[in-house]
Amino acid sequence: MKQLRVGLIGYGFMGRTHSNAFRKVNNFFDLDYQPVLKAICARDASKAKAFAAQWGYESVETDWKKLIERDDIDLIDIAAPNNAHAEIAIAAAKAGKMILCEKPLAMNGPQAETMVAAVKKAKVPNMVWYNYRRVPAVTLAKQLIDEGRLGKIFHYRAKFLQDWTINADLPQGGAGLWRLDAKVAGSGVTGDLLAHCIDTAMWLNGNIDTVTAMTETFIKERKHTETGKMTKVTIDDASAFLARFSNGSLATFESTRYARGHKALYTFEINGENGSLAWDLHDLHRLQVFDYKDESKIRGWKSVHVTDGDHPYMKNWWVPGLQIGYEHTFVHQVADFIQGLQSGKMAGPTFKEGLATDYVTDAVLKSAKTKRWEKVKKVR
Ligand SMILES: NC(=O)c1ccc[n+]([C@@H]2O[C@H](COP(=O)([O-])OP(=O)(O)OC[C@H]3O[C@@H](n4cnc5c(N)ncnc54)[C@H](O)[C@@H]3O)[C@@H](O)[C@H]2O)c1
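Here our numbering is used: the first residue of the sequence shown is 4, the next is one more, and so on.
Shown next as structure tokens:
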């Protein structure tokens with residue numbers, strides 16, 4: 004088996020999901036490559052060492068530039084905050100490394116363009132960790148749509164709701180709360196949460212052409228962790244937009260961190276002339292399916308338990324009826340990335356698809372300011 008020597012940057016939430024995926028993938032998928040956990044890179048050496056010991060990394064770096072210089076690393080995995088993605092990815096591409104990058108690809112579309120140009124020039128395999136595509140129930144939705152079962156699509160509806168920033172005493176910035184600082188995150192819920200909804204939506208239903216949006220920042224000032232001073236909050240706390248897809252369908256998207264009672268309620272529904280599909284992250288192993296072609300007296304919504312051997316990815320796991328969860332989506336992503344290396348046909352979402360999502364979030368944030376419909380830039 005060929006080695007795929009990984010250098011991971013960032014040991015936070017995503018550093019753990021990725022490490023778990025690299026370790027598990029060969030136990031469950033027959034592949035020609037085996038990820039080898041060569042090095043973990045983070046600025047705090049003692050924390051990085053502890054992470055290396057816990058997850059089985061062979062070495063530690065505290066400067067990502069040193070990691071990229073190493074010739075015993077094949078793949079750079081970027082699990083650091085959003086403002087670090089572009090610089091690292093461009094340097095990694097120049098060094099000829101394969102790159103997996105967390106989402107959103109960049110702080111904005113123009114920055115993402117430079118990343119796409121870099122991987123194109125270097126011809127290096129690349130992928131963005133929009134992992135929800137690889138929830139088996141979501142992949143099943145994609146299969147059913149591609150088989151034409153829904154017919155013409157009229158509506159797409161997505162929400163991503165959380166409630167963890169309601170407390171006005173919560174500070175912004177620093178290691179744990181960089182998501183509240185636009186200088187590090189790029190934007191608030193638009194780039195953080197709606198980016199997921201947009202990636203899934205365009206994968207399932209094609210390009211988004213135009214959007215009109217509203218955003219709100221409910222808490223205007225918060226103490227900044229790094230300075231201790233009350234500072235203006237520059238992220239969007241909530242964001243909602245209407246969209247028109249290229250296929251003529253209409254959409255609504257909504258996200259907030261102020262929906263009391265919701266932790267990570269990502270839902271979507273898609274309505275076509277012959278049927279509808281609905282999915283809910285809190286019940287991620289089920290796909291709700293309505294098929295108008297069913298005999299009318301027994302027609303109704305079916306709740307499909309997506310755990311059978313003929314469901315996407317499921318034959319690689321347990322026996323029918325036993326469900327899998329969130330962390331498995333990352334295992335699937337690594338498996339598909341490696342299968343892409345084997346076949347020469349890169350699995351998505353590539354950096355180009357990550358750029359397409361950044362173009363939509365740019366248009367959403369612009370529309371919230373201009374209060375007009377905005378065209379979404381097309382990826383060339
Ligand atoms: N795919 C998903 O569902 C998903 C979920 C959460 C986060 N994310 C994305 O993953 C990325 C990381 O988010 P997280 O939740 O893991 O954050 P986190 O705060 O838990 O971890 C970030 C890590 O990056 C490290 N880091 C920061 N700057 C660095 C630098 N210059 N060099 C080396 N290491 C550095 C930090 O020390 C920390 O280990 C973000 O881009 C985020 O948007 C994606």
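Beta carbons are placed, not taken as given, at the ideal position from N, Cα and C, and that holds for glycine.
- Take the alpha-carbon of D286 and the one of V292: they are about 14 Å apart.
- Counting C-beta pairs closer than 8 Å gives fewer than three between the segment 298-317 and the segment 68-79, which falls short of the contact rule.
- In the DSSP assignment, H88 falls within the unbroken alpha helix (DSSP H) covering 88-97.
- By the neighbour-count definition (other C-beta atoms within 10 Å, threshold 16), L143 is a buried residue.
- Taking the CA atoms as reference points, S299 sits about 52 Å from V127.
- The beta carbon of N134 sits closer than 7 Å to at least one heavy atom of ligand 1.
- In the three-state scheme derived from DSSP, where H, G and I count as helix and E and B as strand, M349 is classed as coil.
- Ligand 1 approaches Y14 closely enough that one of its heavy atoms is under 7 Å from the residue's Cβ.
- Closest by C-alpha distance to A45, out of M17, K27, D75, A83, is A83.
- Partner residues in the beta bridge of D283, as assigned by DSSP, are T270.
- Following the DSSP letters along the chain, one finds D212 inside the beta strand (DSSP E) bounded by residues 211-219.
- Burial check for D47: the Cβ neighbour count within 10 Å stays below 16, so the residue is exposed.
- Taking a cut-off of 8 Å for Cβ pairs, the segment 240-250 and the segment 147-154 do not touch, as fewer than three such pairs fall below it.
- Between G251 and the set A51, N129, N274, the nearest pair of CA atoms involves N274.
- At a cut-off of 7 Å, the beta-carbon of R46 counts as near ligand 1: some heavy atom of the ligand is closer than that.
- In this model, E377 and C200 are separated by some 19 Å (Cα to Cα).
- Nearest Cα to V141 within the set T234, I91, F54, A204: A204.
- Within the segment 101-163, the alpha helix (DSSP H) runs of at least 4 residues that lie entirely inside it are, in chain order, 112-125, 139-149.
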